[in-house]
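Trainee:
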Amino acid sequence: MNLLLILILILLLPASYANLGTFEDVRDPSVFQRVVVFNRTREVFASARNALYHLSPDLRLLGKVSTGPFMDNATCLHPPYPCGGRRAPRPQDNRVLEIFHHPESPLLLSCGTLYQGVCTLRTLSDVSEGRKSWSVGPLNGSEAFVGGAGSSVAFFGPGFGGQTTLWSAVSHDERPDEFLPPAVSSRILVQRGGQFFFEYAQDSEGQYTGVRFDARYRRLYKMAPDKKK
Ligand SMILES: *[C@@H]1O[C@H](CO)[C@@H](O)[C@H](O)[C@H]1NC(C)=O
Ligand SMILES: *[C@@H]1O[C@H](CO)[C@@H](O)[C@H](O)[C@H]1NC(C)=O
Ligand SMILES: *[C@@H]1O[C@H](CO)[C@@H](O)[C@H](O)[C@H]1NC(C)=O
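Residues -18 to -1, 1 to 211, numbered by mature numbering (1 follows the signal peptide of the UniProt record, and there is no 0), are exactly what the sequence shown covers, in order.
1. Under 7 Å Cβ to Cβ from Glu125, same chain only, skipping five residues before and after it: list those, please.
2. Got a list of residues with beta-carbon closer than 5 Å to any non-hydrogen atom of ligand 2, in chain order?
3. How about Arg22: is its Cβ closer than 7 Å to a heavy atom in ligand 1?
4. Helix, strand or coil for Tyr182 per DSSP?
5. What are the start and end residues of the beta strand (DSSP E) that includes Ser134?
6. Less than 8 Å between the beta carbons of Phe142 and Gln184, yes or no?
7. One question on the structure: do Val47 and Gly129 come within less than 8 Å of each other, judged by their Cβ atoms?
8. Can you tell me where the beta strand (DSSP E) with His36 in it begins and where it stops?
9. Answer yes or no: the CB of His84 versus the heavy atoms of ligand 1, is any distance below 7 Å?
10. Given that a residue counts as buried once 16 or more other Cβ atoms are within 10 Å of its Cβ, and exposed if not, what is Leu96?
11. For Phe161, which of Gly123, Phe195 and His83 has the nearest alpha-carbon?
12. Would you mind giving the Cβ-Cβ distance between His154 and Arg198, rounded to the nearest angstrom? I have them listed as a contact below 8 Å.
13. Count the other CB atoms within 10 Å of the CB of Thr147; is the residue buried (16 or more) or exposed (fewer)?
14. For Ser38 and Phe27, I'd like the C-alpha separation in whole angstroms.
15. Around the Cβ of Leu2, are there at least 16 other Cβ atoms within 10 angstroms (buried) or fewer (exposed)?
16. Grouping DSSP H, G and I as helix and E and B as strand, with all else coil, what is Arg69?
17. Drop a sphere of 10 angstroms on the beta-carbon of Leu34, count the other beta-carbons inside from all chains shown, and report buried for 16 or more, exposed for fewer.
18. Using a threshold of 7 Å, is the CB atom of Pro120 nearer than that to any non-hydrogen atom of ligand 3?
19. Less than 8 Å between the beta carbons of Leu121 and Leu103, yes or no?
Next up, the structure:
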């Protein structure tokens, strides 16, 4: 068995060990994935298998949202795209968790193992209610596929021309070739008609900011040891 509880230790002030806090989801333990701190308020967001948590700076639970299990099939796209096979309930490991400093309202980005690793954005205050969430499209294009069944990592940082860029890497998994995202890529988040989309940071004349390994060697590419289920 793997780690069965969420345990976060946050050193609020590096100089003072008295400020070490803990949070444990006793009722519904699951595998811990990632943690981010919102710099303006020091509120803490944590991701786990099938859940996101919103915590105060002293780690009191402010909200929790369920992110799985959902009906999915590794050979299919996000609904409403049809699926040739059967979709079955599958758990979601939210291995990517980042805050996007949107000029109007900061947003929490999470990307998991379901639906080809498509990401979801939520307003920080609504993490508990899950009222406002957007899937980052295009739901049928690998430029939006950040996560996956293997290991994945992604973070926002400065990119070309100073624009906020998502730098990401994903290890090879068994999905169909046409759904396979580049092993390493940089993308930007754009908003069109009230929807969010990922685009490659640069994309013109068949050249884009992504690196794909030759199909013969793809399998050998590992970013980190994949976790055992
Ligand atoms: C928080 O981080 C963002 C992105 O790095 C930065 O633009 C912003 O100024 C920071 N805010 C504070 C209060 O530190
Ligand atoms: C997923 O769909 C494929 C066909 O696209 C099918 O062969 C496979 O059995 C399905 N997987 C499950 C778990 O039903
Ligand atoms: C995704 O869907 C859009 C709109 O239906 C279509 O224009 C586009 O070609 C599709 N992309 C892929 C990669 O299939």
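Note that CB positions come from ideal geometry on N, CA and C, so glycine has one too.
Mentor: In this structure, then:
1. The answer, listed in chain order, is Arg169, Phe180, Glu181 and Tyr182.
2. Output, sorted by chain position: Asn55, Thr57, Gly66, Gly67, Arg68 and Ala70.
3. Correct: Arg22 has its Cβ closer than 7 Å to ligand 1.
4. In the three-state DSSP reduction, Tyr182 falls in the strand class (E or B).
5. That run of the beta strand (DSSP E) goes Ser134 to Pro140.
6. Cβ atoms of Phe142 and Gln184: closer than 8 Å.
7. For the pair Val47 and Gly129, the CB atoms are not nearer than the 8 Å cut-off.
8. DSSP places His36 inside the beta strand (DSSP E), whose first and last residues are Ala33 to Leu37.
9. His84 has its Cβ no nearer than 7 Å to any heavy atom of ligand 1.
10. Around the C-beta of Leu96, 16 or more other C-beta atoms lie within 10 Å, and the residue is accordingly described as buried.
11. If we check each option's Cα against that of Phe161, Gly123 comes out closest.
12. Between His154 and Arg198 the beta-carbon gap is near 12 Å, outside 8 Å, which marks them as no contact.
13. With at least 16 other beta carbons inside 10 angstroms of its own, Thr147 counts as buried.
14. Using only the alpha carbons, I get a separation of about 9 Å.
15. That one is exposed.
16. When secondary structure is reduced to three states using DSSP, Arg69 falls in the coil class, being assigned neither helix nor strand.
17. By the neighbour-count rule (16 or more Cβ atoms within 10 Å), Leu34 is buried.
18. Result yes, Cβ under 7 Å from ligand 3.
19. For Leu121 and Leu103, no; Cβs fall outside 8 Å.
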